[in-house]
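In terms of my numbering, the sequence shown is residues 1 to 286.
What follows is one structure encoded as structure tokens, with my remarks underneath.
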Amino acid sequence: MANIIDGKALAQKLRDRLKSEVDMLKDQGIKPGLAVVLVGDNPASLVYVKAKGKACDEVSINSFQRTLHKEITQKELLWQISELNNDPKVHGILVQLPLPEHLDEELILEAISPEKDVDGFHPMNTGRLVINKPLFQPCTPLGIIKLIENTGVDISGKEAVVVGRSNIVGKPVAFMLLHRNATVTICHSRTQNLREKIGRADILIAAIGKPAAIKGEWIKQGAIVIDVGINRLDGGKLVGDVEFDGAFKKASFITPVPGGVGPMTIAMLLYNTVAAAKRQSKGIRV
Ligand code: NDP
Numbered sequence: 001m002a003n004i005i006d007g008k009a010l011a012q013k014l015r016d017r018l019k020s021e022v023d024m025l026k027d028q029g030i031k032p033g034l035a036v037v038l039v040g041d042n043p044a045s046l047v048y049v050k051a052k053g054k055a056c057d058e059v060s061i062n063s064f065q066r067t068l069h070k071e072i073t074q075k076e077l078l079w080q081i082s083e084l085n086n087d088p089k090v091h092g093i094l095v096q097l098p099l100p101e102h103l104d105e106e107l108i109l110e111a112i113s114p115e116k117d118v119d120g121f122h123p124m125n126t127g128r129l130v131i132n133k134p135l136f137q138p139c140t141p142l143g144i145i146k147l148i149e150n151t152g153v154d155i156s157g158k159e160a161v162v163v164g165r166s167n168i169v170g171k172p173v174a175f176m177l178l179h180r181n182a183t184v185t186i187c188h189s190r191t192q193n194l195r196e197k198i199g200r201a202d203i204l205i206a207a208i209g210k211p212a213a214i215k216g217e218w219i220k221q222g223a224i225v226i227d228v229g230i231n232r233l234d235g236g237k238l239v240g241d242v243e244f245d246g247a248f249k250k251a252s253f254i255t256p257v258p259g260g261v262g263p264m265t266i267a268m269l270l271y272n273t274v275a276a277a278k279r280q281s282k283g284i285r286v
């Protein structure tokens, strides 16, 4: 039977540590600031933005929220971002996704200064991750690595299987595992014999967005299972991408949903914001 990886507790520990660091920075006259840009009134986005503001308050990071009309033009949004890029009180900028369809998401993310890109989605930060010279790394993948490291199991030499190849989770976490010397297989919707590949995984990362699509019996005995999926069932219950009860019997460590990866994502956002403030206060440029 598996040990449950308590993401909520680890995230709290990291936030406590960050709070002490922010207090120390304050003594040096540095107050980290995060700007969150929300376009429109998508209910899920509103919840996420609120949670990010609350998390900032808890560790005494300044949070600046810009709520913009859903019909804002691309030009106007780019202007808003350029204003934040030039604001010395703002060390990190996050544009809450998804954006309304008339806006070019790629162009907007590229407009954020890489030095303030605490979500780690700017192509320059993606490129730096690929060549193992990371500046800001995407928050969910970074949180996943911290969860694995916290088990005390050495990643080096392990067979890691990542199911999902999105730019925000699957691909970056695969590179992070590779740079820690895992042998990495990336699977996706066209992968053949998924079960056989999952059966080889010492470390399994499931990031597909399909409730309980990965069956417990497919999992290798003793594997570490990180379930990134957040799927809401008809009755409102949240479940991951892995069939939990079956996986729990075979894994050595497993993340629950909720309470596993989710809380780590926001903790890593705060971590990146504090890192950005420290860099900018020293005048370090990319
Ligand atoms: P995407 O929809 O962008 O990507 C899903 C990936 O899964 C794709 O690469 C897709 O393959 C692959 N896939 C879909 N179905 C299957 C299947 N049956 N077998 C194998 N691969 C499959 O999702 P995200 O990466 O954005 O998110 C994944 C999940 O993680 C979601 O549930 C999301 O809510 C959750 N999430 C959780 C976060 C957290 O903080 N806990 C943060 C971000 C995401 P293909 O490329 O071929 O289409």
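A virtual CB, placed ideally from N, CA and C, is assigned to each residue, including glycine.
About 15 Å separates the CB atoms of residue 177 and residue 261; that is not less than 8 Å, and the two are not in contact. Between residue 161 and residue 201, the C-beta gap is smaller than 8 Å, which places the two residues in contact. The stretch 7–24 and the stretch 66–73 do not touch, with fewer than 3 CB-CB distances between them shorter than 8 Å. Residue ranges of uninterrupted alpha helix (DSSP H) with 4 or more members, entirely inside the stretch 103–163 and ordered along the chain, are 105–111, 123–130 and 139–150.
In this structure, residue 225 sits near residue 251, with a CB-CB distance shorter than 8 Å. In the structure shown, residue 265 adopts helical secondary structure according to DSSP, grouped into three states. If you check the C-beta of residue 165 against the ligand NDP, you find a heavy atom less than 7 Å away. For residue 200, the Cβ stays outside the 7 Å cut-off from all heavy atoms of the ligand NDP.
Distance from the C-beta of residue 55 to the nearest heavy atom of the ligand NDP is not below 7 Å. Around the beta-carbon of residue 47, fewer than 16 other beta-carbon atoms lie within 10 Å, marking it exposed. Contact check between the stretch 269–283 and the stretch 210–228: fewer than three CB pairs, one atom from each, fall below 8 Å, which does not count as touching. Excluding the 5 residues flanking it on each side, residue 246 has same chain C-beta neighbours closer than 8 Å at 215, 216, 217 and 219, in chain order. By a beta-carbon distance limit of 8 Å, residue 4 contacts residue 256. Their separation comes to about 6 Å.
Shown here, residue 62 sits in a strand according to DSSP, grouped into three states.
In the structure shown, the three-state DSSP call for residue 247 is helix. Out of 83, 184, 77 and 206, the CA that lies nearest to the CA of residue 105 is found in 77. Judged by beta-carbon spacing, residue 171 lies beyond the 8 Å limit of residue 187, meaning their Cβ atoms are not closer than that value. Within the same chain, Cβ atoms closer than 7 Å to the Cβ of residue 239 are found at 211, 212, 231, 233 and 257, the five residues on either side in sequence being excluded. Shown here, residue 57 sits in a helix according to DSSP, grouped into three states.
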